[in-house]
Amino acid sequence: MCALWKKKPAGPAPRGRADAVSEILGEAVSQRVRACLTFLDDVTNIKDLVVSFEEADAEGVVVRIPSLCGMPENWIGAPVVCHFRINDAQREKRMLFFKFSTSVIAVEPTTDGEVRIGLAAPEALENAQQRRCVRVAVDSARVPLFSLWLGLPEGTRIAGNSPRIVSGNAASACVRMGNLSTTGLRLIVRTDAEGALASELQDAQGCAFYFEAKREDADTTEAFFANAKLRNVQCEAGREEALLGFEFLAEGAIDDDGCIKWEPLKSGEITGLGPFVFKWNLTDFCKGRTMQ
1 MCALWKKKPA GPAPRGRADA VSEILGEAVS QRVRACLTFL DDVTNIKDLV VSFEEADAEG
61 VVVRIPSLCG MPENWIGAPV VCHFRINDAQ REKRMLFFKF STSVIAVEPT TDGEVRIGLA
121 APEALENAQQ RRCVRVAVDS ARVPLFSLWL GLPEGTRIAG NSPRIVSGNA ASACVRMGNL
181 STTGLRLIVR TDAEGALASE LQDAQGCAFY FEAKREDADT TEAFFANAKL RNVQCEAGRE
241 EALLGFEFLA EGAIDDDGCI KWEPLKSGEI TGLGPFVFKW NLTDFCKGRT MQ
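Numbering-wise (the UniProt record's numbering), the sequence shown opens with residue 1 and increments by one.
Encoded structure:
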């Protein structure tokens with residue numbers, strides 16, 4: 001692994017703690033787990049990257065990005081936080097969640113067009129789960145309609161702005177909503193269309209979603225407007241679909257003039273969406289279909 005390293009991190013951790021960290025990171029490598037790499041500085045338009053563990057030793061950790069455009073040389077030296085989880089070897093079906101803080105010390109392209117990132121060896125791991133809320137799988141039965149705009153500033157008249165994506169529209173057949181929570185959602189996009197759409201979303205100053213959530217015990221829906229930001233893109237070689245993760249930043253409503261008005265989220269969540277997510281999650285749990 002040392003070919004990737006341009007320098008060694010300074011100062012080894014105390015032996016006992018280093019052994020524990022090494023054992024957990026080694027388990028992450030052997031399980032080929034995915035992780036979320038969060039940049040603390042504005043070195044990339046995408047705040048969170050989905051990566052996979054490839055190697056780990058006393059010198060550092062190597063993670064791989066399945067898909068990336070260009071070589072991010074400006075990442076070297078950038079501080080990052082890595083969240084990951086492993087299967088507990090002592091208890092079946094139990095997950096252990098960890099995070100660590102470190103910095104990027106090397107970046108290297110691979111022969112298959114991917115990118116390997118070298119991270120300085122972390123001195124410690126913390127028990128931490130990144131997810132802030134429950135997310136549930138959704139389909140057209142739960143969310144019969146959603147639309148996506150590339151930027152929708154406050155005061156914009158909705159009637160004069162056509163959305164980039166409209167579910168059910170033949171031109172938008174390459175996109176569907178995969179899961180939903182009170183703090184964000186995931187779109188599933190065919191890889192033949194992902195490149196152009198992801199590029200548009202990264203260049204846009206935010207985006208906006210309109211979606212309708214259907215009650216399971218009644219033939220009625222409730223409408224929601226959300227201002228959002230693309231946070232991560234996951235696209236693996238050989239897969240026909242890419243995953244785009246969004247974080248909600250504000251919730252909206254249409255005023256008497258037909259213009260959008262945005263309000264900051266209360267407690268970081270979309271108002272009124274929680275009961276839908278709770279009910280759907282309960283239904284899935286009873287059916288034995290839970291999300292990891």
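From the three backbone atoms N, C-alpha and C, an ideal C-beta is built for every residue, glycine too. Bear in mind that the values here come from a model prediction, so they are computed numbers and not experimental data.
First and last residue of the uninterrupted beta strand (DSSP E) at residue i
i: threonine 183; result: Counting along the chain, threonine 183 falls outside any beta strand (DSSP E), and DSSP gives it neither H nor E.
i: asparagine 227; result: 221-234
i: glutamate 212; result: 207-214
i: leucine 119; result: 115-120
i: cysteine 82; result: 79-87
i: residue 304; result: As displayed, the chain neither begins before 1 nor continues past 292, which places residue 304 out of reach and without an answer.
i: leucine 145; result: 145-149
i: valine 134; result: First-last for valine 134: undefined, no H or E at that position.
i: isoleucine 65; result: 60-65
Residue i burial status per 10 Å Cβ neighbour count (16 or more: buried)
i: methionine 95; result: exposed
i: glycine 168; result: exposed
i: asparagine 127; result: exposed
i: phenylalanine 278; result: exposed
i: threonine 182; result: buried
i: leucine 152; result: buried
i: cysteine 82; result: buried
i: glutamate 241; result: buried
i: cysteine 69; result: Summary for cysteine 69: the model assigns pLDDT 49, below 50, so the residue's position carries little reliability; its value from the coordinates is reported in the next sentence. With fewer than 16 Cβ atoms within 10 Å of its Cβ, cysteine 69 is classed as exposed.
i: cysteine 286; result: exposed
i: arginine 135; result: buried
i: aspartate 19; result: exposed
i: glutamine 234; result: buried
i: leucine 282; result: exposed
i: asparagine 74; result: exposed
i: alanine 35; result: buried
i: alanine 121; result: buried
Residue from the options with nearest C-alpha to residue i
i: alanine 213; options: Gly206, Asp219, Cys207 and Ala223; result: Ala223
i: residue 364; options: Gln31, Glu114 and Leu197; result: It is not possible to answer for residue 364, since the shown part of the chain is limited to 1 through 292.
i: alanine 196; options: Thr220, Leu150, Asp255 and Ser52; result: Leu150
i: alanine 173; options: Glu123, Leu187, Asn161 and Gly160; result: Leu187
i: asparagine 179; options: Gly160, Glu154, Phe100 and Ala141; result: Ala141
i: phenylalanine 97; options: Val80, Ala121, Ala228 and Leu125; result: Leu125
i: valine 21; options: Arg215, Val33, Asp57 and Asn232; result: Asp57
i: phenylalanine 209; options: Ser199, Leu119 and Phe246; result: Phe246
i: glutamate 154; options: Val29, Asp48 and Asp255; result: Asp255
i: arginine 64; options: Gly113, Ala89 and Thr156; result: Gly113
i: threonine 220; options: Leu185, Lys261, Phe276 and Lys266; result: Phe276
Limits of the unbroken alpha helix (DSSP H) element including residue i
i: glycine 274; result: 274-286
Expected contact under 8 Å - CB spacing of residue i and residue j to nearest Å
i: leucine 244; j: valine 189; result: 6 Å
i: residue 306; j: leucine 145; result: Not covered by the structure: residue 306. The range shown for the chain is 1 to 292.
i: glycine 252; j: alanine 226; result: 7 Å
i: alanine 250; j: glutamate 263; result: 6 Å
i: isoleucine 117; j: valine 104; result: 6 Å
i: alanine 28; j: phenylalanine 53; result: 5 Å
i: glycine 272; j: alanine 159; result: With a Cβ gap of about 24 Å, glycine 272 and alanine 159 do not count as contacting.
Helix, strand or coil at residue i [DSSP, three-state]
i: glycine 29; result: Note on residue identity: the sequence assigns valine, not glycine, to residue 29. Valine 29: helix per DSSP, three-state reduction.
i: glutamate 240; result: coil
i: serine 199; result: helix
i: residue 297; result: In the structure displayed, the chain extends from 1 to 292; residue 297 sits before or after that span and is not available.
i: alanine 20; result: helix
i: aspartate 48; result: strand
i: aspartate 257; result: coil
i: isoleucine 165; result: strand
i: alanine 250; result: strand
i: serine 140; result: coil
i: aspartate 192; result: helix
i: glycine 245; result: strand
i: glycine 155; result: coil
i: glycine 160; result: helix
Cβ-heavy atom distance, residue i to the ligand FMN, below 7 Å
i: glutamate 212; result: Inclusion of the ligand FMN in the displayed structure is not the case, the ligand content being empty and no account of it being possible.
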